[in-house]
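In short: position in the sequence shown from 1, add 5, done, that's our numbering.
Shown next, in structure tokens, is the structure this report addresses.
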Amino acid sequence: LRVKGISKASKKMSRDAREGVVVVSGDDSKKSVIEVNCETDFVAKNADFGKLVDSLIDVAIENDSKNLEELLSATIDGITVSEKIVEQTGVIGEKLELSYYEVVEGETVYGYNHPGNQIATLIGLSEEVDEIYAKDCAMQAAAMAPVAINEEGVSQEIIDKEIEIAKELLRQEGKPEKMIDQIAQGKLKKFFKESTLLNQAFIKDNKKSIKQYLSEASKDLTVVSMKRFSMK
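Below you can see the structure in the form of structure tokens.
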């Protein structure tokens, strides 16, 4: 039966698996997130698919898998996780794919699953504090999709792109060329404020930034890890 299932699965492996779910699990100091893809929204909401996803993240935690490669080679039901994915592709009837796996550690860690399991976030804080601070940061990351924790975490590629976009818009507005560089730098600062987690306005109180909010718990408290996954 397993061989038959694998044979059926092999015929489906060239299809696109663009639906699926992202799920977070773990303890107070370490959380894991996985993304498992399928072909249709119908299967993504199927109970059997949900059980498979739950079993995969359980295996990841039990084996303390550090990365996707380690998880795929871990054992589940007497076979590897990679083989299990192929097996279940034959059983469920759609191409399945374990596409992402990440781990976040910190003194305080919170994992947030947005309803529907289409968005998941992981936040690690630098100190052991009330979980609400990590939870609020995780929900902020889910809602506002920051590109990095702070300015230092923004890639040069993104910075260059933002400056290029700003300059082009300024030229279209007819701004003098000698002023464009200076204005573009100002727009970059605005981008950092709106698109990096610590600098964003706190969604529960937009009079303060996330950095200011965290300082209420401890003056040196900060975010040391952030992961955000979205199916869309």
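All C-beta atoms, glycine included, are put in the ideal place defined by N, C-alpha and C.
- Here Arg176 is exposed. Its C-beta has fewer than 16 other C-beta atoms within 10 Å.
- Taking one beta carbon from each stretch, the region 22–40 and the region 106–118 have 3 or more pairs nearer than 8 Å; the two touch.
- Within the same chain, Val28, Ser30, Ser37 and Ile39 come within 7 Å of Ile62 by CB-CB distance, once the 5 residues on both sides are set aside.
- According to the DSSP assignment, Asp53 belongs to no beta strand (DSSP E) but to the alpha helix (DSSP H) extending over Ala52 to Glu67.
- Separation of Tyr105 and Lys71 (C-alpha to C-alpha, rounded to the nearest whole angstrom) is 12 Å.
- For Met149, the uninterrupted alpha helix (DSSP H) run begins and ends at Glu136 to Met149, by DSSP.
- Taking the CA atoms as reference points, Gly25 sits about 13 Å from Pro120.
- Within its own chain, the residues whose Cβ lies closer than 6 Å to the Cβ of Ile124, once the five positions on either side in sequence are excluded, are Ala147 and Ser235, listed in chain order.
- The Cβ atoms of Leu101 and Val86 do not sit closer than 7 Å to each other.
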